[in-house]
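Worksheet for the structure shown next.
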DNA sequence: CAGAATCCTGGCCGATACTG
DNA sequence: CAGTATCGGCCAGGATTCTG
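Chains as they are written, first to last, in our numbering: chain W, 79 to 189; chain B, 79 to 189.
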């Protein structure tokens, strides 16, 4: 595998992409809400991740003129086709973390 | 989401994990074969990725005494439960790269 | 063949300050 | 509120060399 789709896979493997997409699974979220629900993300990385996802057509950005301004992010139809896969990976991690930790313990004990 | 399963998700989001797991989808592979089929990976990163996957119980490492030595990597039963998800993500990238590139062109044109 | 060990650097990313 | 801009440290990871 190489070429453009390989670069896209690299992007999907970014640390914050899965978390951001999953945070949008329940519908539109405001910027500050995302910052809170994506644990550990810095302002810079959240903005950078959202910009990239927007440019790639996975996320939409809607600005509501007001004081202060309001910005809502949402998954696009294309983004929705990816979300189940991201969710499945996240779920896999939660379901199998116990087995992984057991494997680590066994591996470390064998040193 | 936070805690141990979050760390595991971070590891699954590593750049080389998806590619390495997918390279093992068709059965056991030798180290050098993996180095060739995982395009762009350095020896250091391949070894590091394989070690981590082995420690996490996703990949097995079998050494055959010979001159020169032979090492085969394979998915464990646990690794096999994750593989379909990694494959689906890789497939998604290949199927939707066109739409993503179109979205990028549209985004850039709107500047 | 399958790594281990070392050195070194680009760029990722957090922290901080500022703004419409 | 939702960002942008800038600076600097730190380390991921490439290149190289060496070995069982």
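Beta carbons are placed, not taken as given, at the ideal position from N, Cα and C, and that holds for glycine.
Taking 8 angstroms as the cut-off, the Cβ atoms of residue 97 of chain B and residue 116 of chain B count as close.
Around residue 117 of chain W, the beta-carbon contacts reaching into chain B at under 9 angstroms are 79, 80 and 84.
Per the C-alpha coordinates, the member of W:121, W:180 and W:159 positioned closest to residue 173 of chain B is W:159. Pairwise C-beta distances place the segment 142–153 of chain B out of contact with the segment 153–168 of chain W, as fewer than three of them are shorter than 8 angstroms.
Put simply, the segment 112–129 of chain W does not touch the segment 162–180 of chain B. Fewer than three CB pairs are less than 8 angstroms apart. Taking 8 angstroms as the cut-off, the beta carbon of residue 175 of chain W is found closer than this to the beta carbon of residue 86 of chain B. Rounded to the nearest whole angstrom, the CA to CA distance from residue 127 of chain B to residue 178 of chain W is 15 angstroms. Cβ proximity to chain B below 8 angstroms picks out 100 from the segment 98–109 of chain W. Counting only the Cα atoms, residue 103 of chain W lies some 18 angstroms from residue 163 of chain B. Of the residues B:166, B:118, B:99 and B:81, the one whose Cα lies closest to the Cα of residue 81 of chain W is B:118. Going by C-alpha positions, residue 133 of chain B is about 28 angstroms away from residue 99 of chain W.
A straight-line Cα-Cα distance of about 48 angstroms links residue 180 of chain W and residue 147 of chain W.
Residue pairing for residue 182 of chain B: DSSP places it in no beta bridge.
In this structure, the straight-line span from the alpha carbon of residue 108 of chain W to that of residue 138 of chain W is close to 12 angstroms.
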